[in-house]
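Engineer: Quick note on our numbering: the sequence shown kicks off at 1004 and runs consecutively. The structure is given below, and queries will be raised subsequently.
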Amino acid sequence: MKILKILIVLVFSIFMTGCWQYIELNDIAIVTAVGIDKEGKEYHLSVQIVNAKKQTKDYSAAEESLVTVYDAKGKTLGEALNKISLESPFELYFGHIDMVVIGEATARLGIREYIDFLIRDRDVRKNYSLVVAKEKKAFDVLQILTPLETLPTINLINIIKTAQETSGYTSYRSFEDVLNCLYAKGKHPVVSVVEIIGDVEEGKKGDNIYETIPKTRLIAKYVGVFKGDKLVGFLKDKAALGLNILRKRVNNSVISFPCNDQDDYGSVKMDAPKVSFKTKLKNNQPSAEIKIEFTATLTDYNCAINLKKSENIKKIEKMIDKEIKTIIEETMKETQKTYKTDVLGFGEYLYQNDYKNWGKIEKKWDQLFSNMPYKIEVKSKINNTGSTTNPVRQGGT
1004 MKILKILIVL VFSIFMTGCW QYIELNDIAI VTAVGIDKEG KEYHLSVQIV
1054 NAKKQTKDYS AAEESLVTVY DAKGKTLGEA LNKISLESPF ELYFGHIDMV
1104 VIGEATARLG IREYIDFLIR DRDVRKNYSL VVAKEKKAFD VLQILTPLET
1154 LPTINLINII KTAQETSGYT SYRSFEDVLN CLYAKGKHPV VSVVEIIGDV
1204 EEGKKGDNIY ETIPKTRLIA KYVGVFKGDK LVGFLKDKAA LGLNILRKRV
1254 NNSVISFPCN DQDDYGSVKM DAPKVSFKTK LKNNQPSAEI KIEFTATLTD
1304 YNCAINLKKS ENIKKIEKMI DKEIKTIIEE TMKETQKTYK TDVLGFGEYL
1354 YQNDYKNWGK IEKKWDQLFS NMPYKIEVKS KINNTGSTTN PVRQGGT
């Protein structure tokens, strides 16, 4: 009988555990994004919330925005959060945060204390995106209303992810990605970057989402580079693309390359690359070898050539290889010479594969990295020339 009673209690406990933290949806304000800025000695915390009641009814964008931004300042982030809680008519729910934005000026001072604050909340997922607001405050970014998506945070995440895949000029990074790099040996973090184009005040207005060409937009075309927990600068264009290639973060990215001496270009759509690199130490001096292989589809070719000939395809592949090598060299130049920070993981390779010698040079790794010689080997293969065999331009051989 005693055993039977225990079994009954266990069965009921299993069925009841799913409801013990139940929260009525209409009684909460779901936080989708958090903004962190530091102004003098005070912390400026902002939260973008979506009201559950507006989500559950038939919503028309003409009525009112689905999101509201609350903000407050305090001597600590916890104090600022308490002040926001006093203003919100509903309980703030942080279980579904999609993004944390940090202002550029704040990120340059260091983000470790904010990482610590974000880690401590057990209810917060750790797979949200971590973004730096270029030349702006995080509070500004959270207030911009965007077209296409009723939730600005989702819109911004889609912008970053799409830009990473198609252009490679930015890089989506989750909180976990940044956290792992922050505490890794031989590799510094990089983060996504958002830039506000246009007037911030205009972007706050509801009319911004109805304009054919919005007066204020959010764009993503940079990668934020860190040394330790401090933002030191940005990679853009080819330098950002090269980083994403080396970190295998591109797929279907379009690569343009010169095909003659008259400023004519071709382009290919690059499939996900196979990338490997090795770092070696000799007399405590590092060197690296980088190998990149990928297949591609020829999408444009504005030079006269006969694409039916296999030797011409090989010529084009060599042009592509040369361009990719130039892109990687730009990335290496920026990380080695401009910022002197290893965000690519050459040091991490040494730590994992030559731990004994890594200990000898760990403290001066960034200095050694900045002067590290390297070799690049690129091998592309065009597996598709598109729907036409030859370019429209005549005269190719």
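Backbone N, C-alpha and C define an ideal beta-carbon position, used for all residues, glycine too. Please read all numbers here as calculations on a predicted model, not as lab measurements.
(1) Count the other CB atoms, across all protein chains shown, that sit within 10 Å of the CB of G1350; report buried if there are 16 or more and exposed otherwise.
(2) Are the beta-carbon atoms belonging to T1156 and Q1051 less than 8 Å from one another?
(3) Taking C-alpha atoms, which residue in M1102, E1138, I1118, P1092 lies nearest to T1035?
(4) Please return the same chain residues whose Cβ sits closer than 8 Å to the Cβ of E1380, not counting the five positions on each side in sequence.
(5) Between the alpha carbons of F1372 and L1185, how many angstroms are there, rounded?
(6) Measure the beta-carbon distance from G1348 to K1190 and round it to whole angstroms, keeping in mind my assumption that it falls under 8 Å.
(7) Helix, strand or coil for K1363 per DSSP?
(8) By how many angstroms is the C-alpha of I1163 removed from the C-alpha of T1149?
(9) Can you give me the C-alpha to C-alpha distance between Y1225 and K1336, rounded to a whole angstrom?
(10) Flag this pair as touching only if the region 1217-1233 and the region 1249-1263 have three or more C-beta atom pairs under 8 Å; answer yes or no.
(11) Of the residues K1044, F1297, G1201, which one's Cα is nearest the Cα of K1328?
(12) Would you say S1049 and L1145 are within 8 Å of each other, going by their C-beta atoms?
(13) Count the CB pairs spanning the region 1300-1310 and the region 1264-1273 that are closer than 8 Å, and state whether there are at least three.
(14) Answer yes or no: do I1199 and D1143 have a C-beta to C-beta separation smaller than 8 Å?
(15) Between S1383 and L1154, what straight-line distance do the alpha-carbon atoms span, to the nearest angstrom?
(16) Quick check on G1206: does DSSP put it in helix, strand or coil?
(17) Where K1318 and D1202 are concerned, what is the direct C-alpha to C-alpha distance, given to the nearest angstrom?
(18) Can you list, in chain order, the stretches of the alpha helix (DSSP H) that have 4 or more residues and sit fully within the region 1232-1316?
(19) From D1369 to N1315, what distance separates their C-alpha atoms?
(20) For a test of the three-state rule: what should DSSP assign to L1084, helix, strand or coil?
(21) Can you tell which of N1360, A1299, G1362 has its C-alpha closest to the C-alpha of N1386?
(22) Please report the straight-line C-alpha distance between E1082 and L1353, rounded to a whole angstrom.
(23) Using 8 Å for Cβ pairs, my map puts V1253 next to V1194. What's the rounded Cβ distance?
(24) In whole angstroms, give me the CA-to-CA distance for D1124 and N1085.
(25) Got a sec? Which residues, its chain only, sit under 7 Å from E1320 by beta carbon, not counting five neighbours each side?
(26) Compute the Euclidean distance between the alpha carbons of D1129 and V1181, then round it to the nearest angstrom.
(27) Cβ of A1108 within 8 Å of Cβ of G1038?
(28) Roughly how many whole angstroms lie between the Cα atoms of I1331 and D1119?
(29) Within its chain, find whatever has a CB closer than 6 Å to the CB of V1104; leave out the 5 residues flanking it on each side and keep chain order.
(30) What number of angstroms, rounded off, separates the C-alpha of K1188 from the C-alpha of D1345?
(31) Going by CA-CA distance only, name the one from T1071, G1077, T1079 that's closest to F1093.
(32) Can you name, in chain order, every residue of its own chain whose Cβ lies under 7 Å from the Cβ of D1040, other than the five neighbours on each side?
(33) Ignore the nearest five residues each way along the sequence and tell me which others in E1326's own chain have a CB closer than 6 Å to its CB.
(34) Please find out if some non-hydrogen atom of the ligand MN comes closer than 7 Å to the beta-carbon of T1300.
(35) Between the alpha carbons of L1221 and G1098, how many angstroms are there, rounded?
Structural biologist: Judging by the given coordinates:
(1) Buried: at least 16 other Cβ atoms inside 10 Å.
(2) The beta carbons of T1156 and Q1051 sit closer together than 8 Å.
(3) The shortest Cα separation from T1035 among M1102, E1138, I1118, P1092 belongs to M1102.
(4) Excluding sequence neighbours, E1380 sits near E1292, I1293, K1294, I1295.
(5) Cα to Cα, the separation comes out at about 18 Å.
(6) Yes, G1348 and K1190 are in contact; Cβ-Cβ is about 4 Å, under 8 Å.
(7) Three-state result, K1363: helix.
(8) Rounded to the nearest angstrom, the two C-alpha atoms are 14 Å apart.
(9) In a straight line, the C-alpha of Y1225 is about 16 Å away from that of K1336.
(10) Using a Cβ-Cβ distance cut-off of 8 Å, the region 1217-1233 and the region 1249-1263 are not in contact, since fewer than three pairs of beta carbons, one from each stretch, lie closer than that value.
(11) Of the candidates K1044, F1297, G1201, F1297 places its Cα closest to the Cα of K1328.
(12) A contact, by the Cβ cut-off of 8 Å.
(13) Counting Cβ pairs under 8 Å, three or more are found: they touch.
(14) Between I1199 and D1143, the C-beta gap is smaller than 8 Å, which places the two residues in contact.
(15) Answer to the nearest angstrom: the Cα atoms are 40 Å apart.
(16) Residue state, collapsed to three classes: helix.
(17) Taking the straight line from one Cα to the other gives about 47 Å.
(18) Within the region 1232-1316, the complete alpha helix (DSSP H) runs of at least 4 residues fall at 1240-1249.
(19) Spanning the alpha carbons of D1369 and N1315 requires a straight line of approximately 43 Å.
(20) Looking at L1084 - three-state DSSP - the assignment turns out to be helix.
(21) For the residues N1360, A1299, G1362, the minimum Cα distance to N1386 belongs to A1299.
(22) Spanning the alpha carbons of E1082 and L1353 requires a straight line of approximately 43 Å.
(23) V1253 to V1194, Cβ: 17 Å. No contact.
(24) Taking the straight line joining both Cα atoms gives about 14 Å.
(25) Excluding positions up to five away in sequence, the list reads S1383, K1384, I1385.
(26) Rather than Asp, the amino acid found at residue 1129 in this sequence is Lys. Taking the CA atoms as reference points, K1129 sits about 10 Å from V1181.
(27) No, the pair does not count as a contact, with Cβ atoms beyond the cut-off.
(28) Cα-Cα distance, rounded: 34 Å.
(29) Cβ neighbours of V1104 beyond the five flanking positions: G1038, V1134, A1136, A1141, V1144.
(30) In a straight line, the C-alpha of K1188 is about 10 Å away from that of D1345.
(31) Distances from the CA of F1093 to each of T1071, G1077, T1079 were compared; the closest alpha carbon is that of T1071.
(32) Listed in chain order, the non-local C-beta contacts of D1040 below 7 Å within the same chain comprise H1047, G1106, T1109, K1140, A1141, F1142, local neighbours out to five positions each way being set aside.
(33) Sequence-distant partners of E1326 (beyond 5 residues in either direction) whose C-beta falls short of 6 Å from its own C-beta, in its chain, are F1260.
(34) In the structure shown, the ligand MN is absent, as is every other ligand, since no ligand is present at all.
(35) Roughly 25 Å between the two C-alpha positions.
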